[in-house]
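K.L.:
Supplied in structure tokens, the structure appears directly below.
In UniProt numbering, the protein residues as written are 1 to 163.
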């Protein structure tokens, strides 16, 4: 009787673990599908924030409006990408390689990769929230701490092509 009870408990445990694994796999697949929607070429069509502030995103030393028209290439297969600022006026012209990932389906994490360094050597990065995602557009929301409160900066992206 003890052996039967023990076998029943082991069988129940294995069943529970296998069901849990199936649910985790489904969740992981759903998140990956959302993540793959970001694949391709994008352009920032607008940057929205309270205009009373001087915002210089991602430590580039450039005004947030310099990011309007910037080109972003995202390659989820190897978690790499780059963004290019077009330059002109007070805006610099630059291309910045990045390493990125999406956590929990809506948190976009990225870090800039300096020439000659590996991603794992860089421990500083940025965390933004993905909102309004569809096939051809999405927004990234960055919460920037300022003087005891938070300023929200919204980067609105439009798809320009698949790669």
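Glycine is no exception: its CB is placed at the ideal position from the N, C-alpha and C atoms.
These numbers come from a predicted model, not from an experiment.
With C-beta atoms as the reference, is residue 39 less than 7 Å away from residue 76?
P.N.:
As a first step, residue 39 is located in the chain shown; it is residue number 39 there, counting from the start. As a first step, residue 76 is located in the chain shown; it is residue number 76 there, counting from the start. Yes, the Cβ-Cβ distance between residue 39 and residue 76 is below 7 Å.
K.L.:
Between which two residues does the beta strand (DSSP E) holding residue 91 run?
P.N.:
Numbered from its first residue, the chain shown carries residue 91 at position 91. First-last of the beta strand (DSSP E) with residue 91: 91-103.
K.L.:
Comparing C-alpha positions only, which one of 66, 61 and 53 sits nearest to residue 44?
P.N.:
Taking the chain shown and counting its residues from 1, the one referred to as residue 44 is at position 44. Of all alpha-carbon atoms in 66, 61 and 53, the one lying nearest the alpha-carbon of residue 44 is that of 66.
K.L.:
Count the C-beta pairs between the region 87-95 and the region 111-124 that are closer than 8 Å, then say yes if the count reaches three, no if not.
P.N.:
no
K.L.:
With the cut-off set at 7 Å, would you say residue 158 and residue 137 are in Cβ contact?
P.N.:
The residue you call residue 158 lines up with position 158 of the chain shown. The residue you call residue 137 lines up with position 137 of the chain shown. Yes. Within cutoff.
K.L.:
What did DSSP end up calling residue 157 once you bin it into helix, strand or coil?
P.N.:
Counting from 1 along the chain shown, the entry for residue 157 is found at position 157. Here residue 157 sits in strand by DSSP.
K.L.:
Thinking C-beta only, is residue 144 closer than 7 Å to residue 154?
P.N.:
Taking the chain shown and counting its residues from 1, one reaches residue 154 at position 154. Taking the chain shown and counting its residues from 1, one reaches residue 144 at position 144. No.
K.L.:
Pick helix, strand or coil for residue 76, following the three-state DSSP scheme.
P.N.:
Looking up residue 76 in the chain shown gives position 76. Reduced to three states, the DSSP call for residue 76 is coil.
K.L.:
Rounded to whole angstroms, how far is the Cβ of residue 37 from the Cβ of residue 135, which I believe are closer than 8 Å?
P.N.:
In the chain shown, counting from the first residue as 1, residue 37 sits at position 37. In the chain shown, counting from the first residue as 1, residue 135 sits at position 135. With 8 Å as the limit, residue 37 and residue 135 qualify as a contact, their Cβ atoms being about 7 Å apart.
K.L.:
Check the DSSP bridge columns for residue 126 and list the partner residues they point to.
P.N.:
One-based indexing of the chain shown puts residue 126 at position 126. For residue 126, DSSP records a beta bridge to 110.
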